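Here is the structure we will look at, set down as structure tokens.
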Amino acid sequence: MKVDLREQCFEDIRIRNTVLFGANLVRCNLSGSEFDNVIISGMNLNGAKLFNCKWRNIQINELNQLNGHTKQINQVCFSPDGNLLASCSEDKSIRICDVRTGKIKSIILGEGKVKSVCFSHNSTTLAFISRKHVYLRNLKTGKQISKLFVHNYDVDSVCFSPDGATLASGSIFLWDVKTGQQKAKLNGHSSTVCSICFSPDGTTLASGGGGCFDGGDCSIHLWDVKKGQLKAKLDGHSQTVQSVCFSPNGATLASGSGSHLSGSFIGGEDCSVRLWDVKTGQQKAKLNCPQQIVRSVCFSPDGTTLASGGGSRFSFGGGDSVCLWDVQTGQQKAKLDGHSHYIMSVCFSPNGTILAYGGRSLDTDGDCLVCLRDVKTEQSKLDGHSSTVYQICFSPDGTTLASGSEDKSIRLWDVKTGQQKAKLNGHSSDMYLICFSPDGTTLASCNSGNSISLWDVKTGQQKAKLDGDTHYIISVCLSPDGTTLASGSKDRSIRLWDVKTGQQKAKLNGHSNGILSIEFSPDGVILASSGGSLIGGGSSLASGDFSVSLWDVKTGQQKTKLEGHSHYVMSVCFSPDGTTLASGSKDRSIRLWDVKTGQQKAKLDGHQNEVNSVCFSPDGTTLTSSSGDESIRLWDVTTGKQKLKLDGQLSAFRSYCFSPDGATLASGSSDYSIRLWDVKTGQQKTKLNGHSSTVCSICFSPDGTTLASGSDDSSIRLWDVRIGQQILSSDYSNKNIKAQFSPSIITNNGLTQSASSNITILLISQIPYLEAQGALILKGEFVSYQGIDLKSLLKSKGSCIIENQIVSQKQQI
């Protein structure tokens, strides 16, 4: 919500569960305010008065910026408890900071450049490499535990085993942490070992080789830690393996490669991230990066996301980037770029909400920063449901998305922010049918029992509960004018309801089986219905209802009975002009009917299994059908001929939807993917990966630019149809914010630039900076949802924190 509220008094205001993205609160009085679960990214607090505030669970894209190092930062590492972050640098120092406050707790000086740093399993000991030595330091006492002379030359990597009993150092020594004695030396690489990592169970050590320019093997070795023997050699990289990392379950190993030398000197380019099956040693996937060199890789704690950091080899190559990858699909989820630093190391916090990375400025005289990135709200993945999302539906104006789930709830989401607006409770079983009224004010919902509810979209309150059906409801449909709701039940009846009063208007009898499908004609005058059983076959077919009925909505009388199918009719659909009705049946055929005469116009054959669904394109020229034969077919309505058969998904299609202009067809499948098809050519335009289970429902926004998808993985995702990417949560808001900024401070790539030359690594997305120049802070609480104290961030933005000055004066006295 981009709002301009400058110079207002908001003393003692209480705000909860709200998005104040880019809000202008210049010179506002916010003293005594209480914020809880509020997004303040891009907020302007310049000159604001902030006395005795309580801001908790604050969400913001930028967290603490940790300054201090004067040369390149080689590695960053979180302590296992998530409280500390260590960074080591070419400036011969290690800095340990408090993640919550951003304050430096201690500085450790090495004898030379510090290449690698690692915490023990209990966060009490720090290991680091400086020159040819490995050092162990007690973080509680600050005293050195031991100094191990291990190598004849500088090494790049050190790593604790998960139980903290063994320390590995390249290239490659295993040490007993308790005694400081060498346990084993692992020989096998023919050149430098650039990276090492223990598996989560501590039984395997992975090592990545380098020095390809001087004949190195550039391979990855997997070692049996207990025996000191080589278990497997993983070949594939042709350049230095800069980083290796095991997934949390130990089944997958990620590796990142690249060389600081041009490919022409060393025989080709290999700037990739690769995923390996640890058990078989086989490559599972190769992720081609936009980066010229991948310096660091790290799995998120849940193992679903891999972060890779890197970019250019030379200062004229431009700034580096961080890429976030979906581990299951191998697809890039996000690319965080736009800054002017080399990224040397990336690391997820133990809870997965923060991504830390460090590097150095492209300018040799520039700053060297460690930065913390909030990755919780990076993409529009709408989480909240605890089970399968059966159906999703956009409001007519496209601002709200409704979702119905197996968890018995309906949720309303703000499409722009991705935030949940309301949770509608009241049903006692699964929610599988939802529909907005044409004016967007009412939502109708139906559960797997015999209950239909009408909800006020604005308030989230239940307006009416429609009772009357004696068996479970199979289908529901709202009339085009939104005044009438039709429901079809297993009890063989159709009921018409007055949406305003919730009263039953009519009961339509005539089918001899349950009502599988109902639909209003575009003018709302006729209702089409089909009867049958969802589980058909056997002796029941002898007396089955294979017909389609047309009803007069006003009188409730049956107008016509359309007969011709030899099995249950699963789906009916009116053409946009209302003159033709399509029906799809278990007899594998589709039939087109003249609504006025009731005569069959055409029979469309081609499917090899039951036809589950039929749908007209917006212009009425094309009919789409899906079938149990795992295909989608497009038919020419005029000729009745098959135009196209869409193949590409190996598993069954579960849902499909036309774009509003009819040019694109989206399909969702049990192979977890969504595909966008060109209706004219039948060619696949793009494949959208991200869900981790079957895609049950998809829906285009009214303007056709956004696609929403609901899945068995309990999540809803929003996709930008034009670029085929999952939407970043900042994208919608940024469109509005850009218009408010002066053109002079918008760069070509849409990133806000500071007038200062001190550009930091935090400039990595289209989200604008928080501003707080001259804000006056006295006491109070400013804490992010991770528990991080944001006062240091506010201070770095130019805020005056009076309580700090008072403490300082008292200490002087």
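For the sequence shown, the working numbering begins at 183 and goes up steadily by one.
Here a beta-carbon is modelled for each residue, glycine too, at the ideal position from N, C-alpha and C.
Quick caveat, the model's predicted, so the values are computed rather than measured.
Checklist entry - K274 to T641, Cα distance in whole Å? => result 60 angstroms
Next on the checklist: Let me check understanding here. Comparing Cα to Cα, which of S808, N239 and K672 lies closest to S849?
Outcome noted: S808
Item to check | As assigned by DSSP and simplified to three states, the class of I898 | outcome: strand
Item to check | With 16 other Cβ atoms within 10 Å as the buried cut-off, status of S748 | outcome: exposed
Checklist entry - Given that a residue counts as buried once 16 or more other Cβ atoms are within 10 Å of its Cβ, and exposed if not, what is E953? => result buried
Checklist entry - From D194 to N206, what does the alpha carbon distance come to, in whole angstroms? => result Here the C-alpha atom of D194 lies approximately 18 angstroms from the C-alpha atom of N206.
Checklist entry - Taking Cβ to Cβ, would you say V340 is nearer than 7 angstroms to G390? => result no
Next on the checklist: Let me check one thing: in DSSP terms, what residues is Q686 bridge-paired to?
Outcome noted: DSSP lists W679 as partners of Q686.
Next on the checklist: Relative to the C-alpha of Q364, which candidate in V375, S373, C376 and S351 has its C-alpha closest?
Outcome noted: S351
Checklist entry - Nearest-angstrom Cα distance between L212 and M752? => result 59 angstroms
Checklist entry - If you follow the beta strand (DSSP E) that K415 is part of, which residue opens it and which one closes it? => result Q411 to L416
Checklist entry - Is the beta carbon of A626 less than 7 angstroms from the beta carbon of L690? => result no
Next on the checklist: Please state the DSSP three-state secondary structure of I984.
Outcome noted: helix
Item to check | Rounded Cβ spacing between P704 and G760 (contact assumed at less than 8 angstroms) | outcome: 5 angstroms
Next on the checklist: Measuring straight from C-alpha to C-alpha, what distance separates G148 and G492?
Outcome noted: Past the boundaries of the shown model lies residue 148; the chain is included only from 183 to 995, so the question cannot be answered.
Next on the checklist: Measuring straight from C-alpha to C-alpha, what distance separates N470 and A489?
Outcome noted: 13 angstroms
Checklist entry - In angstroms, rounded to a whole number, what distance separates the CA positions of T361 and R319? => result 14 angstroms
Item to check | C-beta neighbour in chain D for T623, strict 7 angstroms | outcome: Protein chain content of the structure displayed is limited to a single chain, and chain D is not contained in it.
Checklist entry - Under a Cβ-count criterion, where at least 16 other Cβ atoms within 10 Å of its own Cβ denotes burial, should D894 be classed as buried or exposed? => result buried
Checklist entry - Under the rule that 16 or more other beta-carbon atoms within 10 Å means buried, what is V903, buried or exposed? => result buried
Next on the checklist: Suppose contacts are defined by Cβ-Cβ distances below 7 angstroms. Is S302 in contact with F342 by that definition?
Outcome noted: yes
Next on the checklist: In this structure, how does DSSP classify L952 when only helix, strand and coil are distinguished?
Outcome noted: coil
Next on the checklist: Can you find the residues in the same chain that come closer than 8 angstroms, C-beta to C-beta, to R313, ignoring five residues on each side of it along the sequence?
Outcome noted: G292, E293, G294, K295 and D336
Next on the checklist: Restricting to Cα atoms, I'd like to know which of L615, S712 and T887 is closest to A764.
Outcome noted: Ranked by Cα distance from A764, the options L615, S712 and T887 are led by S712.
Checklist entry - Can you tell me whether DSSP reads K977 as helix, strand or coil? => result K977 carries a helical assignment under DSSP once its states are collapsed to helix, strand and coil.
Next on the checklist: By the three-class DSSP mapping on this structure, what secondary structure does F192 have?
Outcome noted: coil
Checklist entry - N265 and D280 look like a contact to me (Cβ under 8 angstroms); what is the Cβ gap, rounded to whole Å? => result With 8 angstroms as the limit, N265 and D280 qualify as a contact, their Cβ atoms being about 7 angstroms apart.
Checklist entry - Closest to G864 by CA distance: which of I856, D853, K825 and P532 is it? => result K825
Item to check | Distance, I984 Cα to F233 Cα | outcome: 10 angstroms
Checklist entry - Which class does K862 belong to by DSSP, given the choice of helix, strand or coil? => result coil
Next on the checklist: Taking the alpha-carbon of F576 as reference, which of G214, I959 and L900 has the nearest alpha-carbon?
Outcome noted: L900
Checklist entry - Of all the options L267, L786, L435 and R815, which has the alpha carbon lying nearest to the alpha carbon of T821? => result Checking every option, the nearest Cα to that of T821 belongs to L786.
Checklist entry - Short check: CB of R209 to CB of G229, under 7 angstroms? => result Closer than 7 angstroms, so yes.
Next on the checklist: I'd like to know whether the C-beta atoms of W775 and L816 end up nearer to each other than 7 angstroms.
Outcome noted: Taking 7 angstroms as the Cβ cut-off, W775 and L816 do not qualify as a contacting pair.
Checklist entry - Is I289 buried or exposed, if buried means 16 or more other CB atoms sit within 10 Å of its CB? => result exposed
Item to check | Helix, strand or coil at Q254 [DSSP, three-state] | outcome: coil
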